[in-house]
Amino acid sequence: MKYFMPGMLTAFLSITCAGQEAGRILQEEQITPKIDSLVRQYQDLDIFSGVVLVAEKGVPVYHKAFGLANRRTGKMNTLHTKFDIGSMNKSMTKVVVLQLAREGKLHLGDHLGDHLDGFTAEAADHVTIEHLLEHRSGFGDYHDPNFFELPKSEKNIAALLKRIRKMPLLFEPGTDQQYSNTGYVLLGAIIEKVTGRSFYQNVRERIVEPLGMKETYLVDKYAVPDRATGYFKTAKGELEDNEGFLEVPNPDGGFQSTASDMLVFYRAFHYGDRLWGDDTRQLDELYPFYKQTATTGGAVAHAGGFEGANTVHYEVLRDQISIIVFANMDEPVAEQLGLGILTIIRGKEPSKPVLPAVQNVYKACEEKGLAYVKDHFEPLTVNFHPTDPKDIILNAVGYTYLRDGEVEKAIGVFTLNTEWFPDVANVWDSLGEALLAKGDREAALASYKKALAIDPGYPSALEAVKKLER
Numbered sequence: 440m441k442y443f444m445p446g447m448l449t450a451f452l453s454i455t456c457a458g459q460e461a462g463r464i465l466q467e468e469q470i471t472p473k474i475d476s477l478v479r480q481y482q483d484l485d486i487f488s489g490v491v492l493v494a495e496k497g498v499p500v501y502h503k504a505f506g507l508a509n510r511r512t513g514k515m516n517t518l519h520t521k522f523d524i525g526s527m528n529k530s531m532t533k534v535v536v537l538q539l540a541r542e543g544k545l546h547l548g549d550h551l552g553d554h555l556d557g558f559t560a561e562a563a564d565h566v567t568i569e570h571l572l573e574h575r576s577g578f579g580d581y582h583d584p585n586f587f588e589l590p591k592s593e594k595n596i597a598a599l600l601k602r603i604r605k606m607p608l609l610f611e612p613g614t615d616q617q618y619s620n621t622g623y624v625l626l627g628a629i630i631e632k633v634t635g636r637s638f639y640q641n642v643r644e645r646i647v648e649p650l651g652m653k654e655t656y657l658v659d660k661y662a663v664p665d666r667a668t669g670y671f672k673t674a675k676g677e678l679e680d681n682e683g684f685l686e687v688p689n690p691d692g693g694f695q696s697t698a699s700d701m702l703v704f705y706r707a708f709h710y711g712d713r714l715w716g717d718d719t720r721q722l723d724e725l726y727p728f729y730k731q732t733a734t735t736g737g738a739v740a741h742a743g744g745f746e747g748a749n750t751v752h753y754e755v756l757r758d759q760i761s762i763i764v765f766a767n768m769d770e771p772v773a774e775q776l777g778l779g780i781l782t783i784i785r786g787k788e789p790s791k792p793v794l795p796a797v798q799n800v801y802k803a804c805e806e807k808g809l810a811y812v813k814d815h816f817e818p819l820t821v822n823f824h825p826t827d828p829k830d831i832i833l834n835a836v837g838y839t840y841l842r843d844g845e846v847e848k849a850i851g852v853f854t855l856n857t858e859w860f861p862d863v864a865n866v867w868d869s870l871g872e873a874l875l876a877k878g879d880r881e882a883a884l885a886s887y888k889k890a891l892a893i894d895p896g897y898p899s900a901l902e903a904v905k906k907l908e909r
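First residue of the sequence shown: 440, per the numbering used here; consecutive thereafter.
So this is what it looks like as structure tokens:
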């Protein structure tokens, strides 16, 4: 039963919009009032606090902090506040892997079993390092509904390896692509194995120290000074913090940094030879795309996010224009605000922000009914991460009703979810839970069995069926 999307989702996006005239210089006096106005619109909805940085060739032309780093203490965000960068970690993990490949300490065609033991033959003999880098390994996500309840000792690389070894592959390696936090944890473990040093030592010695990133922290987030607390809103608009989430940074996400430090990193990632030369960059499967995009004026992006944290970096490679937005609010606010700023830079009018999809749908259910939601779902869910499956929107609304004891409303929402997303095991599992709460054991069992027909290993459905068939 997943009513949220865990993990740090978007590692890479391509922005296909027309470029400006080559050589055009950003004019601070022109873009500043427009960016200020756009940020205020997000703040008026109480969906953004954080830092915005716009730079040309590494020189900031707009750099401001907004809102509170901690709503309990009233501490404000500053330009030196550290934010959880989420999946931006993956960019650093990739750099270390490709550096090691260039050094001959590993090869992208190496199989998982060449470096790590304890995996099934299917994974050990067929998953390659290249598959892990490209999200083509077949491994899914190691997060499950109970992950955030685990003690910190169960969230480090070594402990995660024990979990991952038990995970089945979702598809034959190399035949499909699915975003995988798990794959990057495995890359971190491989880095440790081939170097004899911790993943964190590698990142520090190969990236953070050479680039002078003095405001980037690779340790337990509670040890980070001047750190922003993350906030997200429930379907009912109630504010919660994410202090219990992702305490342990890993190769797939969770470092703490500033927009200024990440500007330094991504400039080194894309330009020059401070991190690597083009001979190493060419090992990245995205290198041809980067080269092609640099001729068009389009933008590429790296982002990260989970509940209460969202970061994004957009880079117009041709003009060396960087847009970085760090938010200690729920995704995809940083990505959407960043796109709005990119639109402003291109001389166009950005879209106005709206409430997050889950809040919008819940509000519509309460005020206008489920039939209205059914007829207006797309416009209601504009503010939603484009790579996330939309079944989690109705699932979140349904669980809100279920927790409030409004079982019939929950059943109605979950039933609509099964109609729209009949091939998703989770929606049937959720409906089964609501039907069981109603006392309809027969219908609940049927729903759980439909979940298992889609995913025979779905844990909560397996457990429920076992109990119901006793």
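Note that CB positions come from ideal geometry on N, CA and C, so glycine has one too.
Sub-9 Å separation of residue i and residue j beta-carbons
| i | j | result |
| --- | --- | --- |
| Tyr705 | Ile763 | yes |
| Ala835 | Asp868 | no |
| Leu756 | Tyr729 | yes |
| Met527 | Thr826 | no |
| Ile832 | Ala796 | yes |
| Val800 | Val812 | yes |
| Asp523 | Lys660 | yes |
| Leu518 | Thr655 | no |
| Glu774 | Ala740 | yes |
| Asp680 | Gly747 | yes |
| Leu678 | Phe684 | no |
| Ser576 | Pro607 | no |
| Gly489 | Phe694 | no |
For residue i, the three-state DSSP class (helix, strand or coil)
| i | result |
| --- | --- |
| His815 | helix |
| Asp718 | helix |
| Lys605 | coil |
| Met515 | strand |
| Leu678 | strand |
| Tyr581 | coil |
| Tyr840 | helix |
| Asp395 | Past the edges of the chain, shown from 440 to 909, lies residue 395, and the structure says nothing about it. |
| Arg463 | For Arg463, the pLDDT reaches just 48, beneath the cut-off of 50, and the residue's location in the model is therefore unreliable, although a value from the coordinates is still provided. In the structure shown, Arg463 sits in coil (DSSP, three-state: anything other than H, G, I, E or B). |
| Gln480 | helix |
| Arg636 | coil |
| Ser761 | strand |
| Gly552 | helix |
| Lys473 | helix |
| Pro690 | coil |
| Val863 | coil |
| Val821 | coil |
| Ala766 | strand |
| Asp712 | coil |
| Lys544 | coil |
| Ser576 | coil |
| Glu648 | coil |
| Leu589 | coil |
| Glu402 | The chain is shown only over 440 to 909; residue 402 falls outside these bounds and no answer can be derived. |
Where the beta strand (DSSP E) containing residue i begins and where it ends
| i | result |
| --- | --- |
| Pro792 | Here Pro792 belongs to no beta strand (DSSP E), and DSSP marks it neither H nor E. |
| Glu495 | Gly489 to Glu495 |
| Leu507 | Leu507 to Asn509 |
| Ser619 | Where Ser619 is concerned, there is no enclosing beta strand (DSSP E), given that its DSSP letter is neither H nor E. |
| Thr658 | Before going on, a small fix: residue 658 reads as Val here, not Thr. Segment: none, Val658 is in no beta strand (DSSP E) and carries neither H nor E. |
| Lys672 | Tyr670 to Lys672 |
Identity of the residues DSSP links to residue i by a beta bridge
| i | result |
| --- | --- |
| Gly743 | Thr750 |
| Ile596 | In DSSP, Ile596 forms no bridge with anything. |
| Pro828 | DSSP lists no partner for Pro828. |
| Val755 | Ala738 and Ile760 |
| Arg666 | Lys521 |
| Ala504 | Val490 |
| Ile498 | The identity of residue 498 in the sequence shown is Val, whereas the question assumes Ile. BP columns for Val498 point to Glu495. |
| Gln695 | Asp523 and Tyr656 |
Limits of the alpha helix (DSSP H) - the one that residue i falls within
| i | result |
| --- | --- |
| Ala903 | Pro898 to Leu907 |
| Val703 | Ala698 to His709 |
| Ile780 | Val772 to Ile784 |
| Ile850 | Val846 to Trp859 |
| Ile568 | Ile568 to Leu572 |
| Ser886 | Arg880 to Ile893 |
| Glu561 | Ala560 to Ala563 |
| Pro727 | Tyr726 to Thr732 |
Cβ of residue i within 9 Å of any chain D Cβ
| i | result |
| --- | --- |
| Ile486 | The chain labelled as chain D is not found in the depicted structure, where only one protein chain is given. |
(request) Taking 8 Å as the threshold, find out whether the region 641-658 comes into contact with the region 521-537 through three or more Cβ pairs. (result) By the Cβ criterion, the region 641-658 is in contact with the region 521-537, since at least three pairs of Cβ atoms, one from each stretch, lie closer than 8 Å.
(request) Give a yes or no on contact between the region 510-521 and the region 726-743, applying the rule of three or more CB pairs nearer than 8 Å. (result) The region 510-521 vs the region 726-743: no contact.
(message) I want to know whether the region 589-608 touches the region 534-553 - three or more CB-CB distances under 8 Å.
(response) Counting Cβ pairs under 8 Å, fewer than three are found: no touch.
(message) Could you check whether the region 778-789 touches the region 816-830, counting it as contact only if at least three pairs of C-beta atoms, one from each stretch, sit closer than 8 Å?
(response) No, the region 778-789 is not in contact with the region 816-830.
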